[in-house]
Amino acid sequence: APRAGHSAGFWSLGPRRVYAQLVGAAPGARHGPPGPGMRGALGAWPRAALGTLSDMASVASEDVPASPAFLCLMLLFGAGTSLVEGLIFLYFTQALGASGTLCGLSVLVTVSFEIPLFVGSRRLVSALSPRALLALACLAYSSRVVGYTLITPGREWLLLLCEPLHGVTYSLGMLGAVHYSERLGGARLRATAQALTDNVRSLGGVLATLAGGAAMQAYGPRVVYGAAAAGVLSALGAFLAATAGERSRARQVCQPPEGEGMEAAEEPPPAEGAPAATPRETSRGR
352 APRAGHSAGF WSLGPRRVYA QLVGAAPGAR HGPPGPGMRG ALGAWPRAAL GTLSDMASVA
412 SEDVPASPAF LCLMLLFGAG TSLVEGLIFL YFTQALGASG TLCGLSVLVT VSFEIPLFVG
472 SRRLVSALSP RALLALACLA YSSRVVGYTL ITPGREWLLL LCEPLHGVTY SLGMLGAVHY
532 SERLGGARLR ATAQALTDNV RSLGGVLATL AGGAAMQAYG PRVVYGAAAA GVLSALGAFL
592 AATAGERSRA RQVCQPPEGE GMEAAEEPPP AEGAPAATPR ETSRGR
């Protein structure tokens, strides 16, 4: 039986959202037998999974011992943000009694703080290392969801005070993940590391969407969001501990690694009538 105070919508939303995204239709729509598109999507999953595992092994084999901690952080970060993006309005309306207008206004506040941070992203990545960006994003996320759990019915307008932290979470989290994964893959696996990071984060989102509704139905949204904050902070602590010995690289944005993308300087042509330099003289002059 549904727990008192929590609608069955908490459980039904997760699987229906994932299924609707898979078949490319709206949630709640009636579907017949799987068509060619559905079979093609299901058939592509094993190949995509094998490719992701191969990429993960390639990236983890590089001389970056912090890669497992980083990927674990991305998994839990994606799961935590998915719980907010997919289920938070149910918590606002069913547990706090928020109106649709207040929910729409909360979205406006989140975006209003997101855009300026992305506009100033070049300055951010020049002043802060990827580790610092990820740490600030995780702290902002945890503070935001814990703030949600402290709001009581009748004071639902207080949720607007937590919404600016979404801009910090999303913008700094994306910037930190992009630049750290670029460093993780190096020159040879740079694109692979970017794709792997995005896949792992998306996997966390899918798992959270599937299990989040059931968890909220069984334990309540306050417990679930508190556990999400604890999980993200734990993963952040493991990541910071694994990267404690790394030298901070604040200016890695838009700058290729040393020696990469730079062409060798051409020798000036010899003056007219002068004898050409021999290879021995050329190497001695250098």
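Counting from 352, one number per residue, gives the positions in the sequence shown under this note's numbering.
Beta carbons are placed, not taken as given, at the ideal position from N, Cα and C, and that holds for glycine.
Query raised in the report: Cα-Cα, which of 449, 464, 442 is closest to residue 517?
Result: When each option's Cα is compared against that of residue 517, the closest is 464.
Requested in this report: Give me the Cβ distance between residue 453 and residue 507, rounded to the nearest whole Å; I'm assuming they're in contact under 8 Å.
Outcome: The beta-carbon distance between residue 453 and residue 507, rounded to whole angstroms, is 6 Å. This is short enough to meet the 8 Å contact definition.
Query - Unbroken alpha helix (DSSP H) run spanning residue 474, endpoints - result: Taken as a continuous stretch (DSSP letters only), the alpha helix (DSSP H) holding residue 474 covers 472-478.
Query - Start-to-end residues for the alpha helix (DSSP H) that takes in residue 538 - result: Secondary structure note for residue 538: it is in no alpha helix (DSSP H), with a DSSP letter that is neither H nor E.
**Report entry** Reference residue 512; option with closest CA among 521, 498, 444, 524
**Finding:** With respect to the C-alpha of residue 512, the residue from 521, 498, 444, 524 having the closest C-alpha is 498.
Report task. Run the CB neighbour count on residue 574, radius 10 Å, all protein chains shown included, and call it buried at 16 or more, exposed below. Result -> That one is exposed.
Query raised in the report: Do three or more CB pairs link the stretch 419-435 to the stretch 546-560 at distances below 8 Å?
Result: Cβ pair count under 8 Å is three or more, so yes.
Requested in this report: Rounded to whole angstroms, what's the CA-CA distance from residue 563 to residue 500? Just pull it up for me.
Outcome: In a straight line, the C-alpha of residue 563 is about 16 Å away from that of residue 500.
Requested in this report: Rank 527, 581, 546 by C-alpha distance to the C-alpha of residue 477 and give the top, closest one.
Outcome: Of the candidates 527, 581, 546, the residue whose Cα lies closest to the Cα of residue 477 is 527.
**Report entry** Assigned secondary structure, residue 432 (DSSP; H/G/I helix, E/B strand, else coil)
**Finding:** In the structure shown, residue 432 sits in a helix (DSSP, three-state: H, G or I).
Query raised in the report: Going by beta carbon distance, what residues of the same chain come within less than 8 Å of residue 519, once the five residues before and after it are set aside?
Result: Scanning its chain for C-beta atoms nearer than 8 Å, with the 5 sequence neighbours on each side dropped, one finds around residue 519 the residues 464, 468, 487, 488, 491, in chain order.
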